[in-house]
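Asker: For what it's worth, this note's numbering labels the leading residue of the sequence shown as 6, then goes sequentially. This is the structure I have questions about; it appears just below.
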Amino acid sequence: MTTMINSIWIRTGILFLCFVSNFAFAEPIKKLTIVTTISTFADIAASVGGEYVETSSIASPRFNTHFIEPKPTDVLRLKRADLFIHGGLDLEMWRDPLVNASGRPDFRVGGERQLDVSSSVTLLDLPSGPLSRASGDIHLYGNPHYWQDPKNGL
């Protein structure tokens, strides 16, 4: 009887070691690297992706998103990314030169590894009639600050 119990413990121990060794020698899962234009999109991507993603944003929330001047480090970060998330419209006029500098055609609008968040949002404040600077701050494609409505962020 004790021989049988010892045999069961030995088998259980061997199975346990086999199970643990699979995790010990397995390659770690590579996190998906996501670069976004603004920190709001990085926060949402991090919340959705959790431990499987690493996110960063080009524009600091301390600065006006319309007037960011990307740095060479931003170009390099974008070049190494797996996914590029941007707001679309005319929010980030600096986006296209940044993407071109990165040499990543798959991050251009319509590319396979980019997400234009504005493509799934109903746009508000579309200008009509003749446009001039006398009207103030004009967004030709509608209000690009759509994520400020929490429902649009979801």
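Beta carbons are placed, not taken as given, at the ideal position from N, Cα and C, and that holds for glycine.
Would you kindly report the start and end of the unbroken alpha helix (DSSP H) that includes V53?
Answerer: Position 48 of the sequence shown holds residue 53. Start and end: 44-54.
Asker: Do V126 and I90 have their C-beta atoms closer together than 9 Å?
Answerer: For the purposes of this step, residue 126 is taken as residue 121 along the sequence shown, with counting starting at 1. For the purposes of this step, residue 90 is taken as residue 85 along the sequence shown, with counting starting at 1. It is not a contact, given that the beta carbons lie outside the stated cut-off.
Asker: Can you tell me which of the three DSSP states S65 falls into?
Answerer: Here residue 65 refers to the residue found at position 60 when the sequence shown is read from its first residue. Three-state DSSP puts S65 in coil, outside helix and strand.
Asker: What does the alpha-carbon distance come out to for the pair D95 and S61?
Answerer: Position 90 of the sequence shown, counted from the first residue, corresponds to residue 95. Position 56 of the sequence shown, counted from the first residue, corresponds to residue 61. So the alpha carbons of these two residues sit roughly 21 Å apart.
Asker: Quick check on P75: buried or exposed, where buried means 16 or more other Cβ atoms within 10 Å of its Cβ?
Answerer: Reading the sequence shown from its first residue, position 70 is the one you call residue 75. By the 10 Å Cβ count, P75 comes out buried.
Asker: Have a look at E117, L103, F112, G116 and flag the residue whose alpha-carbon is nearest the alpha-carbon of P77.
Answerer: As a working mapping, residue 77 is identified with position 72 in the sequence shown. Nearest of E117, L103, F112, G116 to P77, Cα basis: L103.
Asker: Buried or exposed: where does E97 fall if 16 or more other Cβ atoms within 10 Å of its Cβ makes it buried?
Answerer: Numbered from 1 along the sequence shown, position 92 holds the residue referred to as residue 97. Classification for E97: buried.
Asker: Pop quiz: T38 and R85 are said to be a contact at Cβ under 8 Å. What is the actual Cβ separation, rounded to whole angstroms?
Answerer: Taking the first residue of the sequence shown as position 1, residue 38 is located at position 33. Taking the first residue of the sequence shown as position 1, residue 85 is located at position 80. The Cβ separation is near 6 Å, so the contact holds.
Asker: Taking the alpha-carbon positions, what's the S44 to A51 distance?
Answerer: As a first step, residue 44 must be located in the sequence shown, where it is residue number 39. As a first step, residue 51 must be located in the sequence shown, where it is residue number 46. Going by the C-alpha atoms only, they are around 10 Å apart.
Asker: Using the three-state DSSP reduction, which class does D111 fall into: helix, strand or coil?
Answerer: Here residue 111 is taken as the residue at index 106 of the sequence shown, counted from 1. It is helical.
Asker: I63 and D79 - do their beta-carbons sit closer together than 9 Å?
Answerer: Looking up residue 79 in the sequence shown gives position 74. Looking up residue 63 in the sequence shown gives position 58. Yes, they are a contact pair.
Asker: Does the Cβ of I34 have 16 or more other Cβ atoms within 10 Å, making it buried, or fewer, making it exposed?
Answerer: Locating residue 34 in the sequence shown gives position 29, counting from the first residue. Exposed, because fewer than 16 other Cβ atoms sit within 10 Å of the Cβ of I34.
Asker: So, with DSSP's three-state summary, where would you put D101?
Answerer: Translated into positions along the sequence shown, residue 101 becomes position 96. D101: helix per DSSP, three-state reduction.
Asker: Quick one: residues in its chain with C-beta nearer than 8 Å to the C-beta of F46, no 5 flanking neighbours on either side, listed in chain order?
Answerer: As a first step, residue 46 is located in the sequence shown; it is residue number 41 there, counting from the start. Cβ neighbours of F46 beyond the five flanking positions: S62, I90, H91, G92, V122, W152.
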